[in-house]
Structures are given as structure tokens and as C-alpha cells.
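Residue numbers (the working numbering): 1 to 187.
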Amino acid sequence: MSAPALGSALSRPGLLVPVLCLAAMGAWGISVAAGSTFTFDQGIHRLALSAHVLAMVLAFGSVIVVDWVGFLWLIGKRGLHDTSRLESAAAPLIWIGLAGLLLTGAFIHPDVTNPATQLKMCCVLGLMLNGISLIPAMRTLHALPDGTMFKEVAVNLRARLLVALVLSQGFWWTAIIVGFANSMSRR
Ligand code: HEM
């Protein structure tokens, strides 16, 4: 797809989510395939593992802050636009961190025959698709007036947000715990 065609596809609301989901699945597939195919010497492996942890701190640190401020809005301690401002400021950090995790993961040779690693990789894909599929719901939410409380939001949007929050936290924590457990069992 040419750059202008991609630009116009991304500006059409119905196409944005499928295009981004395809891009995320492609990047994930390349990372896992490259990681399980190539092996690098110990120096590169160590460097990539350190960068992997730094990318995780960047992405997950931003996710935690966004989810926390969202939770504060949910219990009435923050205005809706505090959440939307923070979410739009943090989104690039989350996606840069995720890109870093996919890139560095490709250098540290995941054992894709290990069921725990398979679970981790499914969580990595799941958290990316969950984040992308939430874009339309977040746009609807951000268009509401600032004083809107969680209980005033339409029931289906509230349910969508709660499911996304639980999925996001579940996928992230599983990926992190499996990552550390795998690393420890290899030492
Ligand atoms: C949301 C995305 C991800 C998170 C949160 C995550 C988290 C982690 C954590 C916390 C560690 C332990 C680091 C250490 O012990 O110093 C780790 C290790 C590792 N990660 Fe990731 N990771 C992610 C994505 C990926 C991807 C996409 C790949 C490969 C394509 C990958 C491959 C590995 C490998 C090979 C290790 C070394 C341990 C092992 O043998 O499995 N990770 N990861």
C-alpha cells in the first residue's frame, strides 16, 4: 500500500482498527519468527535482554499510569479529560516501548517450543490487539463533556472499558511474570 493510500485508509474510522491489527500481527509474527530462528553471541544477547527490560519499563510504566488515572476517574477522583489528556500523551511511549520489546525480543532467542513462552507470546499479541481495538471506544469517551462521571456513561461503553482494563492488566502481568520466570529457569 502506498503512503497516501495508507494515510487515507487510517483516516477512515472503519479501516483504522483492522489496518493497525494487521500491522501489529505482522510485527509480532516477524519478531517471534526471527527470534526463534536466529541466535546471537552472548554479548549481543545480554545487551538485547537489558534493552528488553528497559523497553518493558517504558511501555508498562506508561500503561500503569494510564490505567491508574482511568481507575481514579472510575471512582470519581479525577475528571474525564485528565484521563484523555494523559492517555494521548502516554500512547506514543506505550507503542515505542512495545516496538522496542518486539525488536529486542527478536535478538534473545525465545524458546517457542516451551508452553510458558507460547502463553507469553499469546499475551503479547493479545495486549496489542486489545489496545488497538479500544481506539474507537476511547474516541467516543474523549468526545464526552469533561464533567462526565463513569456511572453516566452508556452501559455498553462502561462494560467495554472494564473488560479492556482487566484484559490489559492480565496480559501485561502474565507476559512479565512468564518473562522473568523463563529467564530465571535458564540461569
Ligand atoms: C509485552 C511484551 C513483553 C514483555 C512485557 C516481556 C517481558 C519480559 C521480561 C520481564 C523478561 C525477563 C527479563 C530478565 O530476566 O532480565 C523477558 C525475557 C525474555 N523475553 Fe520478553 N517480553 C515481551 C515481549 C517479548 C517478545 C515479543 C519476545 C520475542 C519475540 C520476547 C522474548 C524474550 C526472551 C527470549 C526472554 C529471555 C527469557 C526466555 O528465555 O524466555 N519477549 N521478557
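The beta carbon of each residue, even a glycine, is placed where N, CA and C say it ideally should be.
Check                                                                          : Outcome
Supposed contact pair L101 and A55 - C-beta distance, whole angstroms, cut 8 Å : 5 Å
Candidates D146, P115, V124 and E87, of which the one nearest G105 by Cα       : V124
Best match in W172, N182 and I44 for proximity to A116 [C-alpha to C-alpha]    : N182
Which of helix, strand or coil DSSP assigns to H109                            : coil
Local conformation of V153 per DSSP, three classes                             : coil
Under the three-state DSSP convention, the category F171 falls into            : helix
Ligand 1 heavy atom lying under 6 Å from the CB of M25                         : no
A99 beta carbon near ligand 2 (any heavy atom closer than 6 Å)                 : Annotation note on ligand 2: not contained in the displayed structure, which lists ligand 1 as its ligands.
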